[in-house]
Amino acid sequence: MAENGTDQQQSPFDETLAKTLKFLPIIALSDGDPVWLVISFVVVLVFNLLIPVLIIIIPVLIILSPVFIILVFILLIPVLIYRYVTGKHPIWGDHVDEVRKKIVEAVEKLGKEVKDKMEELVANLGGGGGGSIGRD
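Per this note's numbering, the very first residue in the sequence shown carries number 4; after that it's consecutive.
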């Protein structure tokens, strides 16, 4: 390493500044035209600042996504249930009521069918020779 420190690595800020300075000729050649100024600003912003940030953030979000999903279930679902129970029906509240009614109707229908089959079975067994179903 030299004594004047020229072999040291540049910081990310210095690299970004160097890349940004490369776009200064575009700004100078634009003669103050706002379109070119905006385009050059967006290019500098996207390529020099946003992309490195996304390269760091996206893997972190992918790794932590299971945690975020669990947090949604832990925090959001109880709130929605509380609002539903207290009468502050969310958008999907009517749909939930319809599904609940269909389930109740299906269970009642199934219960009636089972009861009818059991009565028929008991009648058939009872009339055919004295079965002992349900008796001790």
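In this text, a Cβ means the ideal position worked out from N, Cα and C, and glycines have one as well. Computed from a prediction, not measured in an experiment: that's the story for all the values here.
CB of residue i within 9 angstroms of CB of residue j, strictly
i: residue 83; j: residue 93; result: yes
i: residue 85; j: residue 99; result: no
Residue burial classification, residue i (beta-carbon count within 10 angstroms, cutoff 16)
i: residue 47; result: buried
i: residue 127; result: exposed
i: residue 4; result: Bear in mind that a pLDDT of 47 at residue 4, under 50, signals an unreliable position, so the number given afterwards is only what the model happens to contain. So residue 4 counts as exposed.
i: residue 139; result: Because the pLDDT at residue 139 is just 48, under 50, the model does not fix this residue reliably, and the point stays unresolved.
Straight-line gap, residue i to residue j (C-alpha atoms, nearest Å)
i: residue 122; j: residue 107; result: 22 angstroms
i: residue 120; j: residue 114; result: 10 angstroms
i: residue 129; j: residue 118; result: 16 angstroms
i: residue 68; j: residue 43; result: 35 angstroms
i: residue 125; j: residue 109; result: 24 angstroms
i: residue 65; j: residue 55; result: 16 angstroms
i: residue 89; j: residue 116; result: 35 angstroms
i: residue 20; j: residue 72; result: 38 angstroms
i: residue 102; j: residue 111; result: 14 angstroms
i: residue 62; j: residue 14; result: 22 angstroms
i: residue 80; j: residue 38; result: 47 angstroms
i: residue 91; j: residue 104; result: 19 angstroms
i: residue 40; j: residue 57; result: 24 angstroms
i: residue 53; j: residue 74; result: 27 angstroms
i: residue 97; j: residue 18; result: 57 angstroms
i: residue 49; j: residue 95; result: 40 angstroms
Proximity test, residue i beta-carbon vs the ligand MN heavy atom, cut-off 8 angstroms
i: residue 120; result: In the structure on display, the ligand MN does not appear, and there are no ligands present to speak of.
Hey, which unbroken runs of the beta strand (DSSP E) at 3 residues or more fall wholly within the region 34-102? Within the region 34-102, there are no complete beta strand (DSSP E) runs of at least 3 residues.
What residue ranges within the region 104-133 form continuous alpha helix (DSSP H) runs of no fewer than 4 residues, ordered along the chain? Listed in chain order, nothing qualifies, since the region 104-133 has no complete alpha helix (DSSP H) run of 4 or more residues.
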